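Here is the structure we will look at, set down as structure tokens.
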Amino acid sequence: MGEQVLKPTPSDDVVARGRRAIVRRKRAGDAEDEYRWRSDPDLAQFDASRPVQAPYESYERNWSFDFRFTDMSRRSFAIEDEHGRHIGNVMYYNIDTGRGEAEIGISIGEPRCWSQGYGSDALEAVVRGLFTASDLDRLYLHTLDWNARAQQAFRKVGFEISGTSWRDGHTFVVMEVRRGWLEQPRVPVERPRVAV
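Under the numbering used here, the letters of the sequence shown match residues 29 to 224, in that order.
If you want it as structure tokens, here you go:
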């Protein structure tokens with residue numbers, strides 16, 4: 029499974045489509061958005077990382093190298109909204125063919141797009157694509173234990189909590205989805221109702 033798992037259609041760079049979100053291969057112009065998101069301290073906290081402090085030119089040079097020389101065992105894609113605006117990224121990595129699993133991650137960098145369903149929509153499209161195009165049996169992710177909004181979005185896609193892990197002083201919830209998810213009927217997760 030060293031080859032690219034999600035393949036774009038021949039006519040464009042789209043690798044997966046959700047109801048509203050479009051997942052596509054990255055373009056050179058995405059570097060500016062990603063720099064803005066990765067240098068924002070408020071956004072960095074959701075990834076348990078430090079904000080990028082390098083000047084844009086340095087960041088863009090490294091980003092361009094990674095863009096041109098993609099490691100096929102680690103793929104990162106852009107997420108667009110229905111208007112073609114780059115709003116985030118989704119990626120898969122840590123592929124273990126022996127165990128039939130890979131780690132997946134997602135980030136919606138545009139705060140105006142949070143809680144709008146874009147993340148779960150894009151993630152569901154990628155999960156479906158990975159299970160359809162590969163022999164993977166399990167996809168898993170890590171999310172900070174305090175990030176209830178992300179955990180709700182992942183449950184909406186079909187991920188279930190499978191454990192916890194600790195890294196650099198942070199507690200992460202490990203969530204997973206298995207291949208059998210493809211055969212299950214999709215039941216929308218309702219938001220809790222609040223009495224007024």
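Ideal placement from N, C-alpha and C gives every residue a C-beta, glycine not left out.
Owing to the predicted nature of the structure, the values given are computational and were not obtained by experimental measurement.
| Check | Outcome |
| --- | --- |
| With 16 other CB atoms within 10 Å as the buried threshold, where does HIS111 fall? | exposed |
| Assign ASP40 to one of two classes, buried (16 or more other C-beta atoms within 10 Å of its C-beta) or exposed (fewer than that). | exposed |
| Enumerate in chain order the residues of its own chain whose CB-to-CB distance from SER190 is below 8 Å, with the five nearest sequence positions on each side excluded. | TYR168, VAL202, MET203 and GLU204 |
| Would you mind reading off the limits of the alpha helix (DSSP H) that contains PHE182? | 176-185 |
| Give the straight-line distance between the Cα atoms of ALA150 and SER143, rounded to the nearest whole angstrom. | 13 Å |
| What residue range does the alpha helix (DSSP H) around ALA82 cover? | It is not in any alpha helix (DSSP H) - ALA82 carries neither H nor E in the DSSP assignment. |
| Could you tell me the distance, in whole angstroms, from the CA atom of ARG66 to the CA atom of VAL80? | 6 Å |
| What is the residue span of the alpha helix (DSSP H) that GLU152 lies within? | 146-161 |
| By the DSSP assignment, the alpha helix (DSSP H) with TRP65 in it spans what residues? | 58-66 |
| Can you tell me whether GLY22 is helix, strand or coil according to DSSP? | As displayed, the chain neither begins before 29 nor continues past 224, which places residue 22 out of reach and without an answer. |
| Express the C-alpha separation of TYR120 and ASP173 in angstroms, rounding to a whole number. | 21 Å |
| Taking the beta strand (DSSP E) that ASP124 belongs to, which residues open and close that run? | 114-124 |
| Would you mind sorting GLU62 into buried or exposed? The rule is 16 or more other CB atoms within 10 Å of its CB. | buried |
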